[in-house]
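Read the structure below first, then the notes.
Number of protein chains: 2
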Amino acid sequence: MVLIMKVRQLTFRLLQVYADVVRTGSLTATANRLHLTQPTVSQQLKRLREIVGEPIVRHEEGRLVPTEVGQALYHLSQDLLSRADVFSQYLEEYNRGGRGHFSIGLVNTAQYVLPRLLGPFSQANPQVDVTVEIGNRQQMLNRFERHEDDIYVFSHPPIDDDVLAAPFLSNPLVVVGPQHCRWASVEGLSMDALKEERFLLREPGSATRHTFDAWLYSAGIELRSTQQIASNEAIRLAVASNMGLAVLSRHVVADSPNGVQELPLQGFPLKSRWHFVIRRQRRLPPAAIRFLSHVQGSLAQAFDEPEGEVAVAALLRALKAER
Amino acid sequence: MVLIMKVRQLTFRLLQVYADVVRTGSLTATANRLHLTQPTVSQQLKRLREIVGEPIVRHEEGRLVPTEVGQALYHLSQDLLSRADVFSQYLEEYNRGGRGHFSIGLVNTAQYVLPRLLGPFSQANPQVDVTVEIGNRQQMLNRFERHEDDIYVFSHPPIDDDVLAAPFLSNPLVVVGPQHCRWASVEGLSMDALKEERFLLREPGSATRHTFDAWLYSAGIELRSTQQIASNEAIRLAVASNMGLAVLSRHVVADSPNGVQELPLQGFPLKSRWHFVIRRQRRLPPAAIRFLSHVQGSLAQAFDEPEGEVAVAALLRALKAER
DNA sequence: CAACACCATAGATAATCATCTATGACTATA
DNA sequence: TATAGTCATAGATGATTATCTATGGTGTTG
Numbered sequence: 001m002v003l004i005m006k007v008r009q010l011t012f013r014l015l016q017v018y019a020d021v022v023r024t025g026s027l028t029a030t031a032n033r034l035h036l037t038q039p040t041v042s043q044q045l046k047r048l049r050e051i052v053g054e055p056i057v058r059h060e061e062g063r064l065v066p067t068e069v070g071q072a073l074y075h076l077s078q079d080l081l082s083r084a085d086v087f088s089q090y091l092e093e094y095n096r097g098g099r100g101h102f103s104i105g106l107v108n109t110a111q112y113v114l115p116r117l118l119g120p121f122s123q124a125n126p127q128v129d130v131t132v133e134i135g136n137r138q139q140m141l142n143r144f145e146r147h148e149d150d151i152y153v154f155s156h157p158p159i160d161d162d163v164l165a166a167p168f169l170s171n172p173l174v175v176v177g178p179q180h181c182r183w184a185s186v187e188g189l190s191m192d193a194l195k196e197e198r199f200l201l202r203e204p205g206s207a208t209r210h211t212f213d214a215w216l217y218s219a220g221i222e223l224r225s226t227q228q229i230a231s232n233e234a235i236r237l238a239v240a241s242n243m244g245l246a247v248l249s250r251h252v253v254a255d256s257p258n259g260v261q262e263l264p265l266q267g268f269p270l271k272s273r274w275h276f277v278i279r280r281q282r283r284l285p286p287a288a289i290r291f292l293s294h295v296q297g298s299l300a301q302a303f304d305e306p307e308g309e310v311a312v313a314a315l316l317r318a319l320k321a322e323r
Numbered sequence: 001m002v003l004i005m006k007v008r009q010l011t012f013r014l015l016q017v018y019a020d021v022v023r024t025g026s027l028t029a030t031a032n033r034l035h036l037t038q039p040t041v042s043q044q045l046k047r048l049r050e051i052v053g054e055p056i057v058r059h060e061e062g063r064l065v066p067t068e069v070g071q072a073l074y075h076l077s078q079d080l081l082s083r084a085d086v087f088s089q090y091l092e093e094y095n096r097g098g099r100g101h102f103s104i105g106l107v108n109t110a111q112y113v114l115p116r117l118l119g120p121f122s123q124a125n126p127q128v129d130v131t132v133e134i135g136n137r138q139q140m141l142n143r144f145e146r147h148e149d150d151i152y153v154f155s156h157p158p159i160d161d162d163v164l165a166a167p168f169l170s171n172p173l174v175v176v177g178p179q180h181c182r183w184a185s186v187e188g189l190s191m192d193a194l195k196e197e198r199f200l201l202r203e204p205g206s207a208t209r210h211t212f213d214a215w216l217y218s219a220g221i222e223l224r225s226t227q228q229i230a231s232n233e234a235i236r237l238a239v240a241s242n243m244g245l246a247v248l249s250r251h252v253v254a255d256s257p258n259g260v261q262e263l264p265l266q267g268f269p270l271k272s273r274w275h276f277v278i279r280r281q282r283r284l285p286p287a288a289i290r291f292l293s294h295v296q297g298s299l300a301q302a303f304d305e306p307e308g309e310v311a312v313a314a315l316l317r318a319l320k321a322e323r
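Sequence lines, in order, name chains A and W.
Those letters in the first sequence? Residues 1 to 323, by full-length UniProt numbering.
Those letters in the second sequence? Residues 1 to 323, by full-length UniProt numbering.
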């Protein structure tokens, strides 16, 4: 029975050395090039020969030339080494964040603004693919609990020792009414005046609802009539159809204002900010880091949010320190 | 600066183990499958991780799943391992002689008959390629001196301690004349009768010439008129054109007898045999061995040369003993 | 044929590897 | 919340590797 090659003992080092020997045709030359001594190379060659189980070089006019098997082995070496090299380059690229994948979990409302950050990033980093998960606050909290995503965007970060949060973008909540709403032109409009209106609200799990509720509570106001609708978009359409007023992120309205308008209510817009939320303990893919850097760079110019830029910078520093 | 993978430390063994871990999703399972203990596998994985410089697996619902980098590494492993495997198969095939290369050096006359051996062999072993070198005796002797070929075919093997020779096929030398030659029908035709004829002869380096000269010498005959022509084919044509008689291998005539015929000269055909000639010390490629085996198998049936078969068998035995 | 270049082998050594057993930590499920 | 299963780590050991220096053999070339 013929012995087959002892693949398990094969190392890339041996192949490297061998490939060089074939190229130079000389052990001594290879020894010099690889900063080894000649006997070392000689021995490596011998070992490789034993692994293969067949002579791989022979002497010919003072040079070492590969035998037929040696030729095949040389090709194999080239092939394997270059493949390993490609992988190595991939690794490097991955580490630079120019390649790879990360996932980001968005609270519903944030989906109106995040594309403006993700778009240019993807443009600049076509090899990175991003998974965007979208859900209401509660759904995102669940994902967060289960460590499902690399980055989250919340307006109210969950409280947790493990959490790093950076408020990067303001998210003003405004009251909106239909296009020709009579309240639109009232000076010094106050909530008292609107108490009798019907309010179309997001479900209790949502951040927008939460913020508004808190404000109502602190202002000691109770609404007469409310209706719950789970989607910002549906709410906007309902408002446009005169079904009531609503509190929405200004971004939702700004995005496509057809049929609704912001009302100049005193005390509004409610201030609120989106936060990048990351678990301290989680090791972020380099691509995610790169995304955050990208965001940091564009916040001041494209979004006029210098504070956001500072916060994201701090977040990045914290991440760097964490590892 | 990002560290690149430490390729030189990479082993195929590590890749094997890793690939299995990815497949099973469990260290313990892999340990059992590969007849190792679980800590061993654990450590291998750790080492691989260090070589790559990046986490390659993570726990997920009690299973081990590759990280993104791990995925890429897994693909790499598969790829590299399967390539090594292909090479291993090649090796096996090479060792069986079903693949590879060998060269055979033929004395001119032998080219008329060797195709009948090589043809079926190549048919049966399409992956083997054979280099056939052809020359007259002297040229072949030179090649032999320089160890240029794996197998030689001579009618008179060079004398050398290093030589193994097996007479495998008879090579009868006959006298031929033109188609309607008056000698063709003479009973008991003797050389004496032909002394006055012009003989067309191969050059002195050739085996045919050598044999004929020796015969003439031992018979005490000297030819009146001779002419030297270097090619068997040219001689055959010259004979057909009534330029004289000639001594040729019967195979040359049998091959395409147009215009010439064998003369029934007493003492002819001269007996002579082709020999496979091999240097003891040379390590033959398995394909060459396989060729010899093939020849051995076909000599008895296709050529009615049982003695040749025996001789080749002995040659093969000697070669096997030699290594 | 003397000198030189080149390769092979021997002998030595520190490092690393491949393994094992034993044990501790974590996790999912009964 | 026990229990079983799974992974990680520690510690030990023999085998193998990667290297070196020194030396001897072989073949090439003035």
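Cβ coordinates follow ideal geometry from the N, Cα and C atoms, glycine included.
Quick check: is the beta carbon of residue 12 (chain A) nearer than 8 Å to any beta carbon in chain W?
yes
How far does the beta strand (DSSP E) with residue 151 (chain A) in it reach, from first residue to last?
151 to 154
Report buried or exposed for residue 272 (chain W), applying the criterion of at least 16 other Cβ atoms within 10 angstroms of its Cβ.
By the neighbour-count rule (16 or more Cβ atoms within 10 Å), residue 272 (chain W) is buried.
Please list the residues of the segment 78 to 98 of chain A that have a C-beta atom closer than 9 Å to any C-beta atom in chain W, keeping them in chain order.
79, 80, 81, 83, 84, 85, 86, 87, 88, 89, 90, 91, 92, 94, 95 and 96
Pull up the CB-CB distance for residue 206 (chain A) and residue 136 (chain A), whole angstroms please, since I reckon it's below 8 Å.
Right, their Cβ atoms sit about 5 Å apart.
Could you compute how far the alpha carbon of residue 148 (chain A) sits from the alpha carbon of residue 129 (chain W)?
59 Å
Sorted by chain position, which residues of the same chain lie with C-beta nearer than 8 Å to residue 26 (chain A)'s C-beta, five sequence neighbours on each side aside?
63 and 64
May I have the straight-line CA-CA distance separating residue 89 (chain W) from residue 76 (chain A), to the nearest angstrom?
If I take the Cα positions, the gap works out to 13 Å.
With a threshold of 8 Å, are at least 3 pairs of Cβ atoms found where one atom belongs to the segment 296 to 305 of chain A and the other to the segment 50 to 64 of chain A?
Too few Cβ pairs lie closer than 8 Å, so no.
Would you kindly check if the distance between the Cβ of residue 66 (chain W) and the Cβ of residue 7 (chain W) is under 8 Å?
Not in contact: residue 7 (chain W) and residue 66 (chain W) (Cβ atoms no closer than 8 Å).
With burial defined as no fewer than 16 other Cβ atoms inside 10 Å of the residue's Cβ, what is the status of residue 179 (chain W): buried or exposed?
exposed
Find out if the Cβ-Cβ distance for the pair residue 305 (chain W), residue 87 (chain W) is shorter than 8 Å.
no
Quick one, are the C-beta atoms of residue 175 (chain A) and residue 114 (chain A) less than 8 Å apart?
no
Could you check which residue in W:251, W:295 and W:20 has the C-alpha nearest to that of residue 35 (chain W)?
It is W:20 whose Cα lies nearest to the Cα of residue 35 (chain W).
I'd like the span of the alpha helix (DSSP H) that includes residue 77 (chain W), first residue to last.
68 to 96
Which same chain residues end up closer than 6 Å to residue 117 (chain W) when comparing Cβ atoms and leaving out the 5 residues on each side of it in sequence?
Once the five neighbours on either side are set aside, the close Cβ partners of residue 117 (chain W) are 295.
In whole angstroms, what is the alpha-carbon distance linking residue 17 (chain W) and residue 10 (chain A)?
14 Å
Please go through the same chain and pick out, in chain order, the residues whose beta-carbon is closer than 6 Å to the beta-carbon of residue 155 (chain A), but skip the five residues on each side of it.
If we look at residue 155 (chain A) and ignore the five residues flanking it on each side, its Cβ neighbours are 171, 207, 272 and 274.
What whole-angstrom Cβ distance do residue 106 (chain A) and residue 132 (chain A) have, given they're in contact under 8 Å?
6 Å
Answer yes if the segment 224 to 232 of chain A comes into contact with the segment 137 to 146 of chain A, meaning at least three C-beta pairs across the two stretches below 8 Å, and no otherwise.
no
Tell me the rounded alpha-carbon separation between residue 32 (chain A) and residue 319 (chain W).
Each residue's Cα considered, the two are about 40 Å apart.
Which residues, in chain order, does the UniProt domain "HTH lysR-type" (10 to 67) of chain W contribute to contact with chain A at a C-beta distance below 8 Å?
10, 11, 12, 13, 16, 52, 53, 54 and 55
Under the three-state reduction of DSSP, which class applies to residue 42 (chain W): helix, strand or coil?
helix
Just reading off the beta strand (DSSP E) that residue 133 (chain W) is part of, what are its end residues?
128 to 135
Could you confirm whether any beta carbon from chain W is found closer than 8 Å to the beta carbon of residue 72 (chain A)?
yes
Apart from the five residues just before and just after residue 80 (chain A), which ones in its own chain have a Cβ nearer than 8 Å to its Cβ?
12 and 15
Using DSSP's beta-bridge definition, name the partner residues of residue 53 (chain A).
DSSP, once it has assigned bridges, lists no residue as partnering residue 53 (chain A).
So residue 100 (chain W) contacts chain A; which residues on that side make the cut at Cβ distance below 7 Å?
Taking a Cβ-Cβ threshold of 7 Å, the residues of chain A close to residue 100 (chain W) are 68, in chain order.
Compute the distance between the beta-carbons of residue 263 (chain A) and residue 292 (chain A), then report whether it is under 8 Å.
Going by C-beta atoms, residue 263 (chain A) is not nearer than 8 Å to residue 292 (chain A).
Using a Cβ-Cβ cutoff of less than 8 Å, which residues in the same chain neighbour residue 215 (chain W) once the five nearest sequence positions on both sides are dropped?
For residue 215 (chain W), where only same-chain residues beyond five positions count, the Cβ hits under 8 Å are 267 and 270.
Give the list of continuous beta strand (DSSP E) stretches no shorter than 3 residues that lie fully inside the segment 258 to 292 of chain A.
Runs of the beta strand (DSSP E) inside the segment 258 to 292 of chain A: 260 to 262 and 273 to 279.
Can you tell me whether DSSP reads residue 186 (chain W) as helix, strand or coil?
coil
Please return the same chain residues whose Cβ sits closer than 7 Å to the Cβ of residue 140 (chain W), not counting the five positions on each side in sequence.
105, 107, 152 and 154
The alpha helix (DSSP H) with residue 210 (chain A) in it runs from where to where?
207 to 219
Which residue or residues does DSSP assign as beta-bridge partners of residue 28 (chain W)?
None; residue 28 (chain W) has no bridge partner.
Taking C-beta pairs closer than 7 Å, name the residues in chain W that residue 8 (chain A) reaches, listed in chain order.
12, 13 and 16
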